[in-house]
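Enquirer: Once you've had a glance at the structure underneath, I'll fire off some questions.
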Amino acid sequence: MSRTTLDIWVGIFVLVGIGALFFLALRVGNVSSVDLTDAYTVRGQFDNIGGLKVRAPVKSAGVVVGRVNDIRFDTNSYRAVVEMSIAREFEFPRDTIASILTSGLLGEQYIGLDPGGDVENLQNGDMLQITQSAIVLEKLIGQFLFDRAAADKD
Amino acid sequence: MNGVSETPLVELKDVRFAYGEREILKGVNLVVPRGKVVAIMGGSGCGKTTLLRLIGGQLRAVSGTVTVAGEDMGRIGRDRMYELRRRMGMLFQFGALFTDMSVFENVAFPLREHTDLPPELIESLVLMKLNAVGLRGAAHLEPSELSGGMARRVALARAIALDPMLIMYDEPFAGLDPISLGIIGQLIRRLNDALGASSVMVTHDVHESLEIVDYVYFVSDGRIVAEGTPDEIRASRDPFVHQFVHAEADGPVPFHMAAPPIGDSILNGRAA
Amino acid sequence: MNVWLSAFRRVGNMVTEGVWRLGFATRFLGLILLYSGQSLRRVHLTIREIYFSGVLSLLIIVVSGLFVGLVLGLQGYETLQRFGSGDALGVLVALSLTRELGPVVAGLLFASRAGSAVTAEVGLMKTTEQLKAMDMMAVNPIARVAAPRFWGGVIAMPLLAAIFTAMGIFGGWLIGVVVIGVDAGAFWSQMQAAVDFRYDILNGVIKSVVFGVAVSLIAVFEGYDCHPTAEGISRAITRTVVSSALAILALDFVLTSFMFRGTS
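Residue numbers (my numbering), protein chains in the order written: chain P, 1 to 154; chain U, 1001 to 1272; chain L, 2001 to 2264.
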């Protein structure tokens, strides 16, 4: 095998390999999700985070605007503290409501932001005022049974 | 020995070597004078190949000194050893040609690795070396297409590619047909003289070697048991030398390996 | 009783020998890295090895990748559609391949095809005294023979793993969308939503690089260290394939537990 033929084959091989990598990166994964290199951090306290996980998306109107960074337990208020990064290009008013929602029926949970009407915007390190916890299935069923029992009594 | 005015190219003084517990060489003294062809002979497993490896620096002596061109092979660092090796050529028993290269590329290998010569010059040199061994016509062949004798000649051309000062041969005559035997023998002598080099040959082919060498060392059981010029060897009365040169089945090297008396082993000892 | 003792002794022997060889192999890796200068300066040596390790493995990688993807698609759909989640087939195929099957299976195939070939080649060179001849000609055989083959394998492996994964996803698409009839839009969009570049794809690439280092080192080492006989070479080749497989699976476990810990 002459030198040039060998080089050509190796060149083709490397190109195909890199092409496969690019295919995976662009068509299979999502690189084009939100860019969090320039982001600000915001926190919120929740009674129950349900199945929310770190790196879960933060969406508003269904569009991803950020990611959950950290989930902690506050021993003072006995509530969960969720820290999230929001891309700097998206500004939200200070009275924005954060809710934990489920994607589809059995999908993963994410944080949905409902913007309020405040003139001032959230800054880095701010705490969200109003939050809505996740819907816990057991409590829902318990509530349902309780309501049924109450309705039967009448 | 003559030539005392010049320091010998290779000198071994009181060299001992062992593989772990097993002693291979038990105090060897030998000398390779400049410009001479020296043969080291002995039975299989006597340590002669080990001597060659010590000279080439592949092994380090446990005690004693191995001096090549004034350098102590046991002490020098890797870089200096490689520098010395560029001035040595070694012919391995079956040639050891690189199987992924052609004959031409094999002989060109040392030239390409160690010199900056332009391709045209390398081509001329390679063809000259191949011509010296009579195989210029085989330059484009692959090693797998060569016979044993031809492969060995190509390996010889490769060994002399850089005009070495010391050429080493590991069993150069082993397994060759009579014509190839004669060719190799002649080449060893002629190339040594033409290059002004010194040669060391490890062999047990008595007939061919005595025709071409200047001095012979006999090794047995890790020691030099006899030495001399070919004429001295042929006339020697030493029992070991005599047995070796005349290919006698029994003598100082016994025919029977050590074993209990035959009466005890055969017929369950009832024959005694 | 004696049978047990000798069995224990043999196992103990194997372990001590294994540990000793591990140390030896690590030192060998150190030597390869030390003498890698030539592999960089004389690129053509390395390119030649990329050809022999990579290009010549393309056929088995492409075909295997395709078949793995086809089977994943088939089995995956059969299981998913029981939960009404047939649309998630793209996610299943893509995540399985990028995170695990791509690097691991490609690694195993690479070890059997390219790794054994390298061991055989180096072992043969050792048996026919070519390595010794090189050393006697003042050319460092580690720099000239071992290092280029090592780097050739390290470079070829991630590329082969990527090609394997891509072919697998193609196979999954072929079965899922074209044959079974899963919605193409759902297939790709759900996949893109679920597969994260840094988390899944990059981790998979890192795995394949690590596997490439392990397999290439084992292959070159076993060839360099083999008994210089025909039987020795054959045993060395067997050791290459077996040790590579075990190393890949063990490293896969270690890497997976490091990388994919965040999903709790």
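A virtual CB, placed ideally from N, CA and C, is assigned to each residue, including glycine.
#1: 7 Å is my cut-off, CB to CB: does L/V2019 come that close to chain U?
#2: Please tell me whether L/G2204 and L/G2073 are closer than 7 Å, where the distance is taken between their beta carbons.
#3: Looking at L/M2125: is its Cβ nearer than 7 Å to the Cβ of L/L2131?
#4: Taking C-beta to C-beta, are U/P1172 and U/I1184 nearer than 7 Å?
#5: Would you kindly report the start and end of the unbroken alpha helix (DSSP H) that includes P/I8?
#6: Which runs of the alpha helix (DSSP H) at least 4 residues long sit entirely within the segment 1043-1089 of chain U? Give them in chain order.
#7: Compute the beta-carbon to beta-carbon distance between U/L1187 and U/V1133, rounded to the nearest angstrom, for a pair I have assumed lies under 8 Å.
#8: Any contact between the segment 40-57 of chain P and the segment 122-141 of chain P? By contact I mean 3 or more CB pairs, one from each, below 8 Å.
#9: Applying a beta-carbon distance threshold of less than 9 Å, which residues of chain L neighbour P/D70?
#10: Taking the alpha-carbon positions, what's the L/T2152 to L/V2104 distance?
#11: What residue ranges within the segment 2099-2126 of chain L form continuous alpha helix (DSSP H) runs of no fewer than 4 residues, ordered along the chain?
#12: Return the CA-CA distance between L/T2046 and L/N2140, expressed in angstroms with no decimal places.
#13: Where do the N-terminal and C-terminal ends of the beta strand (DSSP E) with U/I1167 fall, by residue?
#14: To be precise: take each residue of the segment 1241-1262 of chain U, compare its Cβ to all Cβ atoms of chain L, and keep it if any distance is under 9 Å. Which residues remain?
#15: Which residues mark the beginning and the end of the alpha helix (DSSP H) in which L/I2032 is found?
#16: Does the contact criterion of 3 or more C-beta pairs under 8 Å hold for the segment 2155-2172 of chain L versus the segment 2097-2111 of chain L?
#17: What residue range is occupied by the uninterrupted alpha helix (DSSP H) comprising L/S2244?
#18: Which chain L residues are close to P/L6, counting only those with a beta carbon under 8 Å from its beta carbon?
#19: What is the C-beta distance between L/V2068 and L/G2168, in whole angstroms, given that I count them as a contact (C-beta under 8 Å)?
#20: From the DSSP output, in three-state form, read off P/R55 for me.
#21: In this structure, does DSSP put U/L1091 in helix, strand or coil?
#22: Any contact between the segment 1022-1033 of chain U and the segment 1222-1232 of chain U? By contact I mean 3 or more CB pairs, one from each, below 8 Å.
#23: In this structure, what does DSSP give as the bridge partners for P/M127?
#24: Would you list, in sequence order, the uninterrupted alpha helix (DSSP H) runs of no fewer than 4 residues that lie entirely inside the segment 1125-1196 of chain U?
#25: Rounded to whole angstroms, what's the CA-CA distance from U/G1137 to U/F1094? Just pull it up for me.
#26: Check the Cβ of U/P1110 against every Cβ in chain L and list those closer than 7 Å, keeping chain order.
#27: Which residues of the segment 1041-1065 of chain U have a Cβ closer than 8 Å to any Cβ of chain L? Give them in chain order.
#28: Output needed for U/A1272: all residues of its chain with C-beta closer than 7 Å, excluding positions within five of it in sequence on either side, in chain order.
Expert: On the basis of the supplied data:
#1: The residue labelled residue 2019 of chain L in the question sits at position 19 within the third sequence. It does not: the Cβ of L/V2019 has no partner Cβ on chain U nearer than 7 Å.
#2: For the purposes of this step, residue 2204 of chain L is taken as residue 204 along the third sequence, with counting starting at 1. For the purposes of this step, residue 2073 of chain L is taken as residue 73 along the third sequence, with counting starting at 1. Not closer than 7 Å, so no.
#3: Within the third sequence, residue 2125 of chain L is the residue found at index 125, counting from 1. Within the third sequence, residue 2131 of chain L is the residue found at index 131, counting from 1. Yes, the pair counts as a contact, with Cβ atoms nearer than the cut-off.
#4: Position 172 of the second sequence holds residue 1172 of chain U. Position 184 of the second sequence holds residue 1184 of chain U. Contact flag set, yes.
#5: Working through the first sequence from its first residue, we reach residue 8 of chain P at position 8. R3 to F23 is the span of the alpha helix (DSSP H), which, as asked, contains P/I8.
#6: Runs of the alpha helix (DSSP H) inside the segment 1043-1089 of chain U: 1048-1056 and 1078-1085.
#7: Against the second sequence, residue 1187 of chain U aligns to sequence position 187. Against the second sequence, residue 1133 of chain U aligns to sequence position 133. About 6 Å; that satisfies the 8 Å criterion.
#8: Verdict: yes, contact present.
#9: The sequence position of residue 70 of chain P within the first sequence is 70, counting from 1. Within 9 Å Cβ-Cβ: nothing; P/D70 doesn't reach chain L, min ~11 Å.
#10: Working through the third sequence from its first residue, we reach residue 2152 of chain L at position 152. Working through the third sequence from its first residue, we reach residue 2104 of chain L at position 104. Correcting the residue identity first, residue 2152 of chain L is Gly in this sequence and not Thr. One alpha carbon belongs to L/G2152, the other to L/V2104, and they sit about 19 Å apart.
#11: 2102-2110, all fully within the segment 2099-2126 of chain L.
#12: Taking the first residue of the third sequence as 1, we reach residue 2046 of chain L at position 46. Taking the first residue of the third sequence as 1, we reach residue 2140 of chain L at position 140. Going from the Cα of L/T2046 to the Cα of L/N2140 covers about 16 Å.
#13: Within the second sequence, numbered from 1, the residue matching residue 1167 of chain U stands at position 167. From DSSP, the beta strand (DSSP E) with U/I1167 extends over L1166 to D1170.
#14: The segment 1241-1262 of chain U vs chain L, Cβ under 9 Å: nothing.
#15: Residue numbering aside, residue 2032 of chain L sits at position 32 when the third sequence is read from its first letter. Segment N2002 to L2034, the alpha helix (DSSP H) holding L/I2032.
#16: A contact exists between the segment 2155-2172 of chain L and the segment 2097-2111 of chain L.
#17: For the purposes of this step, residue 2244 of chain L is taken as the residue at position 244 of the third sequence. Start and end: A2230 to M2259.
#18: Here residue 6 of chain P refers to the residue found at position 6 of the first sequence. Chain order gives the chain L residues near P/L6 as I2047, R2048 and Y2051, where near means a beta carbon separation below 8 Å.
#19: As a working note, residue 2068 of chain L is residue 68 in the third sequence. As a working note, residue 2168 of chain L is residue 168 in the third sequence. Their Cβ separation, rounded to whole angstroms, is 5 Å, which keeps L/V2068 and L/G2168 in contact under 8 Å.
#20: Within the first sequence, numbered from 1, the residue matching residue 55 of chain P stands at position 55. Here P/R55 sits in coil by DSSP.
#21: Along the second sequence, one-based indexing puts residue 1091 of chain U at 91. Residue state, collapsed to three classes: strand.
#22: With a cut-off of 8 Å on Cβ pairs, the segment 1022-1033 of chain U is in contact with the segment 1222-1232 of chain U, counting three or more such pairs.
#23: Taking the first residue of the first sequence as 1, we reach residue 127 of chain P at position 127. As computed with DSSP, P/M127 is found in a beta bridge with P/R43.
#24: Runs of alpha helix (DSSP H) with 4 or more residues, each lying fully within the segment 1125-1196 of chain U, are found at 1148-1159 and 1178-1195, listed in chain order.
#25: Here residue 1137 of chain U refers to the residue found at position 137 when the second sequence is read from its first residue. Here residue 1094 of chain U refers to the residue found at position 94 when the second sequence is read from its first residue. If you take the alpha carbons of U/G1137 and U/F1094, they lie about 21 Å apart.
#26: One-based indexing of the second sequence puts residue 1110 of chain U at position 110. Per Cβ cutoff of 7 Å: M2137.
#27: Answer set for the segment 1041-1065 of chain U: G1056 and Q1058.
#28: On the second sequence, residue 1272 of chain U is found 272 positions in, with the first residue counted as 1. Residue placement at U/A1272 is flagged as unreliable, the pLDDT there being 48, under the threshold of 50; the coordinate-derived value follows with that caveat. Same-chain partners within the cutoff: G1263 and D1264.
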